[in-house]
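Quick notes on the structure that follows.
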Amino acid sequence: MQKNADLMEKVVSLCKRRGFIFPSSEIYGGLSGFWDYGPYGAELAYNIKDLWWKRFVKSREDMYGISSSTIMPKSVWQASGHLKNFTDPLIECKKCHHRFRADHLKNKKKCPDCGGELGEEKAFNTMFPVETGSLGGETAKSYLRGELAQGMFVNFKNILDTFHPHIPFGIAQVGRAFRNEISPRDFIYRVREFEIAEFEYFIKKEEWEKHFEYWKKEMLEWLDEIGIDRKKVKENDLTEDERAHYSKRTVDFEYQGPIGDMEIQAIAYRTDYDLKSHNEGSGVDLSFRDDVAGEKFVPHVIEPTFGIGRLLLVVLLEAYTEDDLGGEKRVYLKLAKNIAPVKAAVFPLLKNKPELVSKAREVYQMLKKEIPSIEFDDNGNIGKRYRRQDEIGTPYCITIDFDTLENDTVTVRDRDSGEQERVKIAGLRERIAYN
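Residue 223 in the numbering used here sits at position 196 of the sequence shown, with consecutive numbering throughout.
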């Protein structure tokens, strides 16, 4: 990763220019804290989520995947403590009325925008209220979920009754959450709508430290899988004052990036706080019955949380590279091949030669049947195509030229080195395989 101060600005520019990420509702001036993912950004995010799901859900026997609603009733958030405790410190300028997070300010007396006097610090609840349906002629107050966890806790009994799992076991999901962030900033790092991958792992109380260390190790190995250098990631063991109201221990994984320490994932020991709270709030017994041991108890919980948008941002920051190739400066994304939005691009050497275009289309269709993330590109000259695919992070470019028509070989160019080699069409699948 480059150390220059403007790295974030370069990545933001590339994301807009190449169709990764756009400001939400941009034609109307945008909306602070909200972003839209373009074709390449959506594909990159999907690839990260797909790898996560395969690693933490599909490959395991002790994990149950769900997809819960993004809107939940007020009673859920009252029981969980979010309506009381899910707050950020807010300061408002008396002059321009701009609002800021107090913990993000160096000077809590002077407005950083207009220089005016700042008011008193207040607790600001970041939950998003919504009105749903009607109750006695009036709408009922619900909330967009501020975290995924509650969807898994309120489905705990459903999983017990339907699947009869043995402890320990987990409930996992990937989905969107919403927090009314006071001051969104740093591109997609601090936003109001974001995506999380998370699971609640239900355990016996006396085994929490063992499971905590196991999942911490798994989370570090996950970073290797998506191409994040774990040497640039530090573990921050939060103090009691820093932890959420439900946590007895929390470790944040922080990437050392161009904007400072960037929290990208975290692991928390939530004890039995949530299940006991919902047991009391709902009146439903949320105990686990171990028929083998002949005991009944409320499980404790280890919660690994992965910020998909933040991981995606760090992947882009880590991959952004500038070098000299063939005497020219270039920019490319050195993405891990397993998450690159385009696995390979197929070119005809010349777009005005029907025989080359036809052969290129034939090769493209052949590869696309087995590797869907293949792109056909005949826009501009060959040099411009290489530069465009480099910026997208495409690992391989395949060029069909006149020799192809004679001997069924193509040129395969490697993104990182720029080196080219002749490969038989019949061996292309194996040559560009990434898994």
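For glycine and all other residues, C-beta sits at the position ideal for the given N, C-alpha and C.
Inter-residue distance for residue 246 and residue 74 is about 17 Å (C-alpha atoms, whole angstroms). The C-beta distance from residue 439 to residue 448 rounds to 6 Å, short enough to fall under 8 Å. Looking from the CA of residue 238, the closest CA among 195, 200, 273, 274 belongs to 195.
Residue 410 counts as exposed, since fewer than 16 other C-beta atoms from the protein chains shown sit within 10 angstroms of its C-beta.
Annotation: residue 94 to residue 175 spans about 9 Å, alpha carbon to alpha carbon. The C-beta of residue 189 has fewer than 16 other C-beta atoms within 10 Å across all chains shown, which makes the residue exposed. Between residue 309 and residue 106, the C-beta gap is smaller than 9 Å, which places the two residues in contact.
By the beta-carbon neighbour count (other beta carbons within 10 angstroms, threshold 16), residue 251 is exposed. Residue state for residue 320 is assigned as coil, using DSSP reduced to three classes. In this structure the segment 346–358 does not lie against the segment 376–384, because fewer than three pairs of beta carbons, one per stretch, are closer than 8 Å. Taken atom to atom, the span from the alpha-carbon of residue 408 to that of residue 441 is near 18 Å.
The closest CA to that of residue 289, considering only 103, 217, 137, 144, is found on 217. Annotated three-state conformation of residue 293 is strand, per DSSP. For residue 424, no alpha helix (DSSP H) encloses it; the enclosing beta strand (DSSP E) starts and ends at 423–427. Classified as buried, residue 404 has 16 or more neighbouring CB atoms from the shown chains inside 10 Å of its CB.
Ranked by Cα distance from residue 185, the first of 314, 135, 136 is 314. For the 9 Å CB-CB criterion, residue 422 and residue 364 form a contact. Remark: C-beta atoms of residue 336 and residue 368 do not approach each other more closely than 9 Å. Contact between residue 209 and residue 115 holds, with the beta-carbon distance rounding to 6 Å and staying under 8 Å. Residue burial annotation: residue 152 is buried, with at least 16 other C-beta atoms found within 10 angstroms of its C-beta. No Cβ-Cβ contact shorter than 9 Å links residue 249 with residue 228.
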